[in-house]
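Take 39 as the starting number for the sequence shown in my numbering and just add one per residue.
Below is one structure, written out as structure tokens; comments come after it.
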Amino acid sequence: MHAYQALSELMHGNRRYVTERYAYGDTGADRRRELTRGHFPFAAIMSCSDSRVPPEIIFDQGLGDIFVVRTAGQVVDSIALGSLEYAVKYLGVRLVAVLGHQDCGAVEAAVAGYPQPGQIQEVIDAIQPAVRAARTQCGNLLTNAIVNNVYLSINRLTTSPLLQQAISTGRLKIIGAMYCMKSGKVLFF
């Protein structure tokens, strides 16, 4: 599936979710058996770990349809990057969507700037460049920081030589998106 077809499928799936006209993605025993022979998701989603933002549900997809990597604040670390490289190289994914969302607690914590315990501080530190940029922009600080954080994650993905090569040859598109908690809509940018 081409990247634009994958994007269209994500958009249609989100429309089904918002209007509650679900396609009821295939999750039955036959599909599970079929997937034991391999899987070829049509897109990969780099998403926040927030339990209110499950990509399979908000895009109305079934088993094996999308490859999902989730971290707090959709921070792209080496493991997340390697996971997405795997999806592109070995599963043939042609579209990677970085999905931010309203009311992101990780970004809120980064905006607040309070020291965090344990490894949580590493998540906050990774988001800080997005917050610093947001402080120079007009508009809502948190919203700007969330959007900037999506772009920051995209930039981290494009540091990968493997992903750069796939982009340069037209085999891969990386896009940003924002999930609106109240409406359920995903806005792509």
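Where a beta carbon is used, it is the ideal one built from N, C-alpha and C, also for glycine.
Check	Outcome
Could you pull the start and end residues of the beta strand (DSSP E) that Leu225 belongs to?	224-226
Rounded C-beta distance between Ala148 and Ile158? I'm assuming under 8 Å.	11 Å between Cβ atoms; not a contact.
If you pair each beta-carbon of the segment 85-105 with each one of the segment 162-182, do three or more pairs fall below 8 Å?	no
Can you find at least 3 beta carbon pairs, one from the segment 108-116 and one from the segment 54-71, that sit closer than 8 Å?	no
Identify every residue that forms a DSSP beta bridge with Ile104.	Ala81
Which residues bound the beta strand (DSSP E) around Ala215?	211-217
Thinking C-alpha only, which one of Ala172, Pro93, Ile205, Tyr124 is nearest Glu146?	Ala172
Kindly indicate the opening and closing residues of the beta strand (DSSP E) around Gly138.	133-139
With a threshold of 16 other CB atoms inside 10 Å of the CB of His40, please say whether the residue is buried or exposed.	exposed
Which residue or residues does DSSP assign as beta-bridge partners of Thr109?	Cys86
Please report how far the alpha carbon of Val185 lies from the alpha carbon of Lys223, in whole angstroms.	15 Å
Extract the residue ranges of the beta strand (DSSP E) inside the segment 126-184, only unbroken runs of 3 or more that lie entirely within it.	133-139
With DSSP as the reference, label Tyr60 as helix, strand or coil.	coil
Assuming Gln69 is part of the alpha helix (DSSP H), what are its boundary residues?	Inspection of the sequence shows that residue 69 is occupied by Arg rather than by Gln. 67-73 is the span of the alpha helix (DSSP H), which, as asked, contains Arg69.
Helix, strand or coil for Gly229? Go by DSSP, reduced to three states.	Not covered by the structure: residue 229. The range shown for the chain is 39 to 227.
In three-state DSSP terms, what is Val188?	helix
DSSP three-state call for Ser116: helix, strand or coil?	helix
Just confirm the distance between the C-beta atoms of Val136 and Ala215, as a whole number of angstroms; I'd bet it's less than 8 Å.	7 Å
Looking at the unbroken alpha helix (DSSP H) that takes in Pro93, where does it start and where does it end?	93-96
Going by Cα to Cα distance, which pick from Leu190, Asp88, Lys220, Ser221 is closest to Ile212?	Leu190
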